[in-house]
Amino acid sequence: MPTEADTESRPLLRAQTRDGVSLPVIDVTDPRFHVADDAASLRALFERAADEARRHQRMPQFIMRFMLRRAARQSLILRALFGGEGSFLDGLTTYVMKLGADHLPPPFDSPVDKRVASSAQLKMLRLRTQQVATLLADGLGEALGAEAAAPLHLVNIAGGPAIDSMNALILLRQRGADLKRPVVIHVLDRDDAGPFFGRNALGALTADGAPLNGLDITFDHRHYDWNDTAALEGLLRETEGGIVCASSEGGLFEYGDDDAVVANLRALRAGNVRAVTGSVTGNTERHRRNITVSRFKLHPRGLEGFGPLAARTGWRVARSEPAQLSDQVWLTPA
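At position 312 of the sequence shown (counting the first as 1) the number is 292 in the working numbering, and the numbers step up by one without a gap.
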């Protein structure tokens, strides 16, 4: 991985949102975005996150709510977390939350926003992306070496900008994997804003001198409701003959109910998908307590609840990586 000195003179890659905001493009191989993931560093991060949670829990709820409402007046991030509507946190806001305090652009760069973005809780969101991308890259390496001519299809369910898919490709190229083939990132998402930025981010990553320059990569966004898998099944028929892997970071396995998870996993299994990766919300008492007071309808299954659900559809959890708030899983056919 490059060192800090390697990046001092290298400007951050940037891409435009639909609203004209210029956001840095996350590259987890860049020290400015990489989260140290050795055992000692992860232990320190998790302890810091737990300490933040304990401090919040000691405060009476009515005082906490008052403070959050007041702070949200000066923070677009807090406004999205606590003042919005709907049961999902949209992909683009989630992306901004992963940037870290040093890289927040206007209008997300108020002092309150920066304090929020420097928290361990938000750093673990970036760790989640890094872990999903790493699982994808680790799992794809062997298939790419064995099937030199096959196109690569990365199916990203509820993917937003699909930055996990792009970072998997960055990691694969860094490792010398054979990416001289057509590559398509298929984003299945009901929202437009995240994929709009994702397409522009891919453009920045494939520009001259960028990590994915010279590769044949297409960004394909399709509107998708995971409660109706017809669009997914149709896409998988189109990818026949290629190397197909699926992912859903912060999406299906966290927000989808059991029926939706089962239906999508069954469709992926029937479509000859090689493997699936994604994030699964943790099932600790703290997670369950936080969800009861949140507007976000997460399903805190944990590995112990998700594993049997996946097994019903012909998948098994072959590997997992913890990030305290969630576990990132790599599923292979059972």
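Heads up, the beta-carbon is just placed ideally off N, CA and C, and yes, glycines get one too. Model, not experiment: these values are computed from the prediction.
- Boundaries of the alpha helix (DSSP H) around I143: 143 to 154.
- Closest in C-alpha terms to E301, from the list A247, T257, G285, comes T257.
- Only buried fits A100, as 16 or more other CB atoms lie within 10 angstroms of its CB.
- Residue pairing for L79: DSSP places it in no beta bridge.
- Between the alpha carbons of G236 and I137 lies a gap of roughly 11 angstroms.
- For N136, there is no enclosing alpha helix (DSSP H); the residue is found in the beta strand (DSSP E) stretching over 132 to 137.
- Taking C-beta atoms as the reference points, L149 and L192 count as a pair closer than 9 angstroms.
- Sorting V15, N252, S306 by C-alpha distance to the C-alpha of I223 places N252 at the top.
- DSSP places V242 in the uninterrupted alpha helix (DSSP H) bounded by 238 to 250.
- As for any alpha helix (DSSP H) of minimum length 4 sitting wholly inside the region 167 to 244, the runs are 173 to 185, 210 to 218, 232 to 235, ordered along the chain.
- Put simply, the backbone Cα of N180 is about 26 angstroms away from that of L58.
- Take A291, set aside five residues on each side of it, and the residues of its chain with a beta-carbon closer than 8 angstroms to its own are A314, in chain order.
- Look at V260 here: in three-state DSSP terms it is strand.
- In the same chain as P162, and ignoring 5 residues on each side of it, the C-beta atoms closer than 6 angstroms to its own belong to P131, D196, in chain order.
- Where T9 is concerned, there is no enclosing alpha helix (DSSP H), because DSSP gives it neither an H nor an E.
- Listed as beta-bridge partners of I165 by DSSP are L134, F199.
- When the Cα atoms are used, P91 and D239 turn out to be separated by approximately 42 angstroms.
- According to DSSP, Q(-4) shares a beta bridge with S2.
- Taking C-beta atoms as the reference points, G80 and R106 count as a pair closer than 9 angstroms.
- In the three-state reduction of the DSSP assignment, E301 falls in the strand class.
- A255 carries a strand assignment under DSSP once its states are collapsed to helix, strand and coil.
- Beta bridge pairing from DSSP links L311 with V256, V297.
- The C-alpha of D82 lies about 43 angstroms from the C-alpha of G294.
- Contact annotation: A123 and L151 have beta-carbon atoms that are not nearer than 9 angstroms.
- Here S306 carries a strand assignment [DSSP, helix/strand/coil].
- By the 16-neighbour rule on beta-carbons within 10 angstroms, T198 is exposed.
- For D17, there is no enclosing alpha helix (DSSP H), since its DSSP letter is neither H nor E.
- T312 counts as exposed, since fewer than 16 other beta carbons sit within 10 angstroms of its beta carbon.
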